[in-house]
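Engineer: Would you mind keeping the following structure in view while I ask a few things?
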Amino acid sequence: MRGLAGIAACGTSLASRPARSHPPAPYVPRFFTPIEWAFLTAACDRLIPADENGPGACALDVPRFIDMQMDTPYAFGAQWYMQAPFVQGPDNLGYQLPHAPRDLYRRGIAGMNAHAATRHGRPFADLAPALQDDLLRGAENNRLVFGDIPSSVFFDQLLANVMEGAFSDPVHGGNTGLGGWTMLGFPGARADFMDWVDRYGAHYPLGSVSISGETA
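First residue of the sequence shown? That's 1 in the working numbering, and the numbers climb one at a time after it.
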């Protein structure tokens with residue numbers, strides 16, 4: 001089972017980092033409260049668990065990426081149309097809630113922990129992985145109730161940000177050590193691929209490169 005102590009190291013991956021005399025201090029979230037951070041790290045770990053194919057979300061510092069995104073205009077809905085009326089309907093109507101991503105996380109995490117407490121007597125982060133998966137599936141299939149937030153909307157927000165954190169450029173706080181790109185065989189921000197444009201099916205021999213110049 002995972003508790004606050006069990007997930008404290010999530011978001012402090014040392015993979016592919018230079019050796020130091022002292023390990024870096026654990027990342028301290030700027031937006032999420034300790035209880036929210038516990039949920040986030042546990043949920044990220046279930047959405048992209050480490051396996052034989054590559055690192056999981058925690059090793060890639062996905063929770064850190066999401067927390068850093070909460071300080072951007074995106075998280076405040078600055079680029080979204082947020083005026084009423086809000087009418088749930090077909091997907092082509094677009095987002096139909098008055099809540100920016102920061103609000104979705106705050107309300108959605110509270111809702112997930114409330115369901116965990118009601119069903120199992122403990123917050124989400126303290127549940128066994130199978131029970132965490134069951135709650136996440138319930139949210140994905142819109143079977144949970146979060147007040148005026150459809151649980152599927154919260155799940156979609158979380159999953160999208162987890163994928164972004166795992167596979168975006170490391171300069172944004174996730175994809176530590178370019179582990180997500182290495183897992184996919186994605187070359188990253190190399191300036192010139194012209195020698196490989198017509199080599200269909202051939203293995204690309206060069207490693208991934210970040211915008212910053214970091215290499216895998």
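All C-beta atoms, glycine included, are put in the ideal place defined by N, C-alpha and C.
Among P150, F186, Y105, which one has its Cα closest to the Cα of Q96?
Structural biologist: One-based indexing of the sequence shown puts residue 96 at position 96. Nearest of P150, F186, Y105 to Q96, Cα basis: P150.
Engineer: Between the C-alpha atoms of E52 and T182, what's the straight-line distance to the nearest angstrom?
Structural biologist: What you label residue 52 is simply residue 52 of the sequence shown in a count that begins at 1. What you label residue 182 is simply residue 182 of the sequence shown in a count that begins at 1. Approximately 13 Å between the Cα atoms of the pair.
Engineer: What is the DSSP secondary structure of I211, counted as helix, strand or coil?
Structural biologist: Taking the first residue of the sequence shown as 1, we reach residue 211 at position 211. Here I211 sits in coil by DSSP.
Engineer: Using C-beta distances below 7 Å, list every residue in its chain close to M112, excluding the 5 sequence neighbours before and after it, in chain order.
Structural biologist: In the sequence shown, counting from the first residue as 1, residue 112 sits at position 112. Closer than 7 Å at the Cβ level, and outside the excluded window around M112, lie F39, F124, L135, A139.
Engineer: Go through its chain and collect everything with a Cβ distance to E36's Cβ below 6 Å, but skip five positions before and after it.
Structural biologist: Here the question's residue 36 lines up with position 36 in the sequence shown. Cβ within range, chain order: I109.
Engineer: Per DSSP, which residues does I66 bridge with? Please list them.
Structural biologist: Here the question's residue 66 lines up with position 66 in the sequence shown. For I66, which the question treats as bridged, DSSP gives no partner whatsoever.
Engineer: If you draw a straight line from the alpha carbon of A15 to that of R64, how long is it in whole angstroms?
Structural biologist: Indexing the sequence shown from 1 puts residue 15 at position 15. Indexing the sequence shown from 1 puts residue 64 at position 64. Note on A15: pLDDT 46, under 50, position unreliable in the model; no value is reported.
Engineer: For the alpha helix (DSSP H) containing G56, list its first residue and its last residue.
Structural biologist: On the sequence shown, residue 56 is found 56 positions in, with the first residue counted as 1. Premise fails: G56 is in no alpha helix (DSSP H) and is neither H nor E.
Engineer: Tell me whether the beta-carbon of I48 lies closer than 7 Å to the beta-carbon of G56.
Structural biologist: The residue given as residue 48 occupies position 48 in the sequence shown. The residue given as residue 56 occupies position 56 in the sequence shown. In this structure, G56 lies closer than 7 Å to I48 by Cβ.
Engineer: How is the alpha helix (DSSP H) around N113 delimited, first residue to last?
Structural biologist: On the sequence shown, residue 113 is found 113 positions in, with the first residue counted as 1. First-last of the alpha helix (DSSP H) with N113: 101 to 120.
Engineer: Specify the secondary structure class of I48 as computed by DSSP and reduced to three states.
Structural biologist: Here residue 48 is taken as the residue at index 48 of the sequence shown, counted from 1. Looking at I48 - three-state DSSP - the assignment turns out to be coil, as it is neither helix nor strand.
Engineer: Ignoring anything shorter than 4 residues or poking outside the segment 147 to 203, list the alpha helix (DSSP H) runs there in chain order.
Structural biologist: With a minimum length of 4 residues, the continuous alpha helix (DSSP H) runs that stay inside the segment 147 to 203 are 151 to 167, 179 to 184.
Engineer: On a Cα-Cα basis, can you pick out the residue from A100, P205, S210, L184 that is closest to Y74?
Structural biologist: Taking the first residue of the sequence shown as position 1, residue 74 is located at position 74. Checking every option, the nearest Cα to that of Y74 belongs to A100.
Engineer: Take the Cβ of N212 as the centre, count every other Cβ of all protein chains shown within 10 Å, and call the residue buried at 16 or more, exposed below.
Structural biologist: Residue numbering aside, residue 212 sits at position 212 when the sequence shown is read from its first letter. Reading off the sequence shown, one finds Ser at residue 212, where the question assumed Asn. The residue in question, S212, is exposed, as its Cβ has fewer than 16 Cβ neighbours within 10 Å.
Engineer: Given this structure, state the Cα-to-Cα distance separating A59 from V162, to the nearest angstrom.
Structural biologist: Translated into the one-based positions of the sequence shown, residue 59 becomes position 59. Translated into the one-based positions of the sequence shown, residue 162 becomes position 162. C-alpha separation (whole angstroms): 12 Å.
Engineer: For V62, which residues in the same chain have their Cβ closer than 6 Å to its Cβ, ignoring the five residues on either side in sequence?
Structural biologist: As a first step, residue 62 must be located in the sequence shown, where it is residue number 62. Excluding sequence neighbours, V62 sits near C44, V162, G165, A166, G174.
Engineer: For G69, count neighbouring Cβ atoms within 10 angstroms of its own Cβ and tell me buried if that reaches 16, exposed if not.
Structural biologist: Translated into positions along the sequence shown, residue 69 becomes position 69. Residue identity differs from the one stated: residue 69 is Gln in this sequence, not Gly. Buried, by the Cβ-count rule.
Engineer: Let me know if H115 comes out buried or exposed under the rule of 16 or more other beta-carbons within 10 Å of its beta-carbon.
Structural biologist: Stepping through the sequence shown from its first residue, residue 115 is reached at position 115. It counts as buried.
Engineer: Out of curiosity, what's the CA-to-CA distance linking E214 and V145?
Structural biologist: Mapped onto the sequence shown, residue 214 falls at position 214. Mapped onto the sequence shown, residue 145 falls at position 145. Their Cα atoms are separated by approximately 43 Å.
Engineer: Measuring straight from C-alpha to C-alpha, what distance separates G89 and D156?
Structural biologist: If you number the sequence shown from 1, residue 89 lands on position 89. If you number the sequence shown from 1, residue 156 lands on position 156. For G89 and D156, the distance between alpha carbons rounds to 16 Å.
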